[in-house]
Every structure is written in structure tokens, then in C-alpha cells.
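Okay, so the sequence shown: first residue is 19 according to my numbering, each after it adds one.
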Amino acid sequence: MRRNHASITIAGRRVGADFPFFAIAEIGLNHGGSAERALRMVDDAADAGVAAVKLQTVVATELVSSTCPAPAHVQADSLTDFFATFELDESAHRAVAERAHARGLAFISTPLSLDGVDMLVRVGVDAIKIASGDLTWDALIERAARTSKPLILSTGMASLEDVSAAVATARLSGATQIALLHCVSAYPVPQGSENLLAIDTLGQAFETPVGLSDHASDTFGVPMAVGFGASIYERHFVLTGDDDAIGRRKGLTGDADLAGVHAGLLGFAENEVHDLVGDAVADLVRMTLRH
Numbered sequence: 019m020r021r022n023h024a025s026i027t028i029a030g031r032r033v034g035a036d037f038p039f040f041a042i043a044e045i046g047l048n049h050g051g052s053a054e055r056a057l058r059m060v061d062d063a064a065d066a067g068v069a070a071v072k073l074q075t076v077v078a079t080e081l082v083s084s085t086c087p088a089p090a091h092v093q094a095d096s097l098t099d100f101f102a103t104f105e106l107d108e109s110a111h112r113a114v115a116e117r118a119h120a121r122g123l124a125f126i127s128t129p130l131s132l133d134g135v136d137m138l139v140r141v142g143v144d145a146i147k148i149a150s151g152d153l154t155w156d157a158l159i160e161r162a163a164r165t166s167k168p169l170i171l172s173t174g175m176a177s178l179e180d181v182s183a184a185v186a187t188a189r190l191s192g193a194t195q196i197a198l199l200h201c202v203s204a205y206p207v208p209q210g211s212e213n214l215l216a217i218d219t220l221g222q223a224f225e226t227p228v229g230l231s232d233h234a235s236d237t238f239g240v241p242m243a244v245g246f247g248a249s250i251y252e253r254h255f256v257l258t259g260d261d262d263a264i265g266r267r268k269g270l271t272g273d274a275d276l277a278g279v280h281a282g283l284l285g286f287a288e289n290e291v292h293d294l295v296g297d298a299v300a301d302l303v304r305m306t307l308r309h
């Protein structure tokens, strides 16, 4: 495999295969609509040594139709009402951004509406992520690209043609810093469906930094992902013992306590990488994770 030397800069930190591993702790919606819980999650993430935290910026009325019923496993009058419980307003987003910056972390979020992009710029977001489900929403990509913020595009369920169109849209709209995340849109990812070689495929095809948005039930694939060129790793987490987080309620075993994820990253790097991907990659993983 040809080494991909592409890089971007997020909050003053270079991100790419030639630089230290960039781990993103995905708060997502696991704050349950509580700004206080979101701030505690930022602190936990900082204590674990990650590079960034990420939210999902939701406006329920712009995300789903008011006539759409709630799933059978939740108690809500509609899907709109369900997602409304996970909204954080602009002041809460600003508080999370400020706490992240105070703790030395980059602040990233996934806007799920056009207005969400503008709000994230106002609160000081360091990079914008486009969710897999929005990879073909050109208007959202265009709005995000025009902010001049680094863009991270997730590619779950996408063909190479879809990814190519999204990258072209971003670049034509002014984006100069783009990263791509391989993602399997299953929760958790069935064993044998990880398709980690797609990480190398993305890097070679688009010459951007690449990474893994991980929904697996363990961190077994992380060192191999690094071997295939991943320089970014994103994973959902919940506060220890936080049994009412959305990931726990929905039985998403890809969510995990952050401490366990971080320990898994270092543990595999030290103990099992050699058997998985060979000496050269083992050295690379040790180097990137220890910085």
C-alpha cells in the first residue's frame, strides 16, 4: 500500500498519517439533553487523553416529520418529540465548546440542519462533521464548506461515486481541508463486516486524511485500521454507570465507557498489534498512540 501523506489542521493540531493519532470522543446525543451532563463528558474525555469531543447538533423539527411515530421501544408521542429531548441550545453548545477548549480539546459537531452550521460557527466549532446519512445532501455540505472550517465526511452506506461527489461538492464550495471516515452503518458492526481495507481505498482515491468511525462492540480493529492508514478514530462513549443514555437505551453495544475505549487502544497497541499486522505497523501504532 502506498503511504498517504495528506494532512489537515484542527485547532492547531496537524492530523494525518505522519502525525499523532487523533482520537475523537463522540458525545453524540448521550448527554440526554443535559448541558451539565455534556460538560461532565467533556471532562471525562479530557481525562482520558483524547484529542477532541464531538456533539450532534439536532433541531428535532428540522430532522424528522412531525407525523412520524416514535419507535416502539421509546415513550414519546412522535419521533420529533423523541429527538427534541436531545436538543442542546446555542448557549449549551457554547459552554461545551468553551469547556473543551479550556481542557485542551478540539470541539467538533455534526450539524443535522442548515441553520445548525451557522450556529456552530458562532460558538467556535473547530471542525464540522457531515454524517453518513447526509453525504448526499449537497446543500449541507456546501454550507459547511463555505465556513472554511475543516470538514470530516463520514461514508457509511456510500459508494465511491457518492464519496467522490461529496468531496467535489465540498471542494467546489471552498473547502480546502477535508478528511474521510470509513464507517459501517450497523449497530454494532457484525463481526466480519468491518471492511477495514476501505480505509486505504479512501485514502488512495481522494488523497485526504482518513480514519474510522467505529461502531464495533470492541476495539479489536483499531490497530489494523491504523495499519491501513487511519489517523482519526471516532467512537461514542457514555459516562460510567449512565444507564439512561440513548446508546444504552437502544442497546447499541458499540457505545462504551470512554476509559475502556482508551485502554483498549493502548492495550492492543502494546500487546496484540504484532500478531495482527506485523512489525512495521506495530511500531507505527506505538508511536502514534503514545504521543
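We treat Cβ as the ideally placed atom computed from N, Cα and C, and that holds for glycine.
The structure displayed is predicted, hence computed values, not measured ones.
Pairing Asn22 with Val185 gives a Cβ-Cβ distance that is not under 8 Å. Looking from the CA of Ala70, the closest CA among Cys86, Thr27 and Val76 belongs to Thr27. One alpha carbon belongs to Phe125, the other to Val181, and they sit about 24 Å apart.
Less than 8 Å separates the beta-carbon of Ser150 from that of Met175.
Around the CB of Thr85, fewer than 16 other CB atoms lie within 10 Å, so the residue is classed as exposed. When C-alpha distances from Met242 are compared across Gln195, Asp218 and Leu178, the shortest belongs to Asp218.
In this structure the segment 87-98 does not lie against the segment 128-146, because fewer than three pairs of beta carbons, one per stretch, are closer than 8 Å.
Put simply, the segment 252-259 touches the segment 33-53. At least three CB pairs are less than 8 Å apart. Linking Gly245 to Asn213 through their CA atoms gives a straight-line distance of about 13 Å. The three-state reading of DSSP puts Glu108 in helix, counting H, G and I together. When the beta-carbon positions are compared, Thr128 and Lys72 come within less than 8 Å of each other. Only residues of its own chain outside the window of five on either side were considered, and among them Val77 and Glu80 have a CB closer than 6 Å to the CB of Ser131, listed in chain order. Judged by DSSP secondary structure, Gln222 falls within the alpha helix (DSSP H) whose first and last residues are Leu215 to Phe224. When secondary structure is reduced to three states using DSSP, Phe125 falls in the strand class. Across the set Leu198, Ser235, Ala193 and Arg189, the C-alpha of Ser235 shows the shortest separation from the C-alpha of Ala204. Beta-bridge partners assigned by DSSP to His254: Glu44. With respect to the C-alpha of Asp133, the residue from Thr165, Phe104, Arg117 and Ala118 having the closest C-alpha is Thr165.
Contact check for Ser231 against Cys201 passes: the beta carbons are separated by less than 8 Å. Within 10 angstroms of the beta-carbon of Glu44 lie 16 or more other beta-carbons, which makes it buried. In the displayed model, His119 falls within a helix according to three-state DSSP. For the pair Ala94 and Ala102, the Cα-to-Cα distance works out to about 10 Å.
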